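Student: Structure provided below as structure tokens; questions to follow.
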Amino acid sequence: MEVKTYTMADGQYFKVINKSTNAVIIYGELTESNQLVTIHKVEFISEEQYESERPRIEPNSGMQQVSGEAL
1 MEVKTYTMAD
11 GQYFKVINKS
21 TNAVIIYGEL
31 TESNQLVTIH
41 KVEFISEEQY
51 ESERPRIEPN
61 SGMQQVSGEA
71 L
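Per full-length UniProt numbering, the sequence shown runs over residues 1 to 71.
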């Protein structure tokens with residue numbers, strides 16, 4: 001299993017895709033102070049694509065925003 005590390009030098013907006021099922025696991029944004037470490041496929045996308053595709057958390061929906069998730 002190959003683990004890869006990505007930084008903002010690779011791109012700012014991304015989606016992580018399950019390498020077995022090809023389903024999108026998560027959308028995210030890298031900053032200067034963080035990195036993404038994963039065994040899954042990563043596709044860097046435009047800000048416009050990120051804003052249009054990522055799930056929105058609606059107020060009072062019972063969903064919580066997750067950060068610092070290990071993928």
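Idealized CB from N, CA, C, for every residue including glycine. The model shown is predicted, which means the values in this text are computed figures rather than measured ones.
Have a look at Gln12 and Pro59 and give me their C-alpha separation to the nearest angstrom.
Tutor: Between Gln12 and Pro59, the C-alpha separation is close to 26 Å.
Student: In angstroms with no decimal places, state the Cα-to-Cα distance between Phe44 and Leu30.
Tutor: C-alpha separation (whole angstroms): 10 Å.
Student: What residue range does the beta strand (DSSP E) around Glu43 cover?
Tutor: Counting along the chain, the beta strand (DSSP E) containing Glu43 begins and ends at Lys41 to Ile45.
Student: Given the structure, does Lys15 come close to the ligand NAP, in the sense that its CB is under 6 Å from one of the ligand's heavy atoms?
Tutor: Inclusion of the ligand NAP in the displayed structure is not the case, the ligand content being empty and no account of it being possible.
Student: Exposed or buried, what is Val16 when buried is set at 16 or more other beta-carbons lying within 10 Å of its beta-carbon?
Tutor: Buried, by the Cβ-count rule.
Student: Going by CA-CA distance only, name the one from Tyr27, Thr5 and Asn18 that's closest to Glu47.
Tutor: That would be Tyr27, whose Cα lies nearest to the Cα of Glu47.
Student: Rounding to the nearest angstrom, what Cα-Cα distance links Ala23 and Glu32 in this structure?
Tutor: Between Ala23 and Glu32, the C-alpha separation is close to 27 Å.
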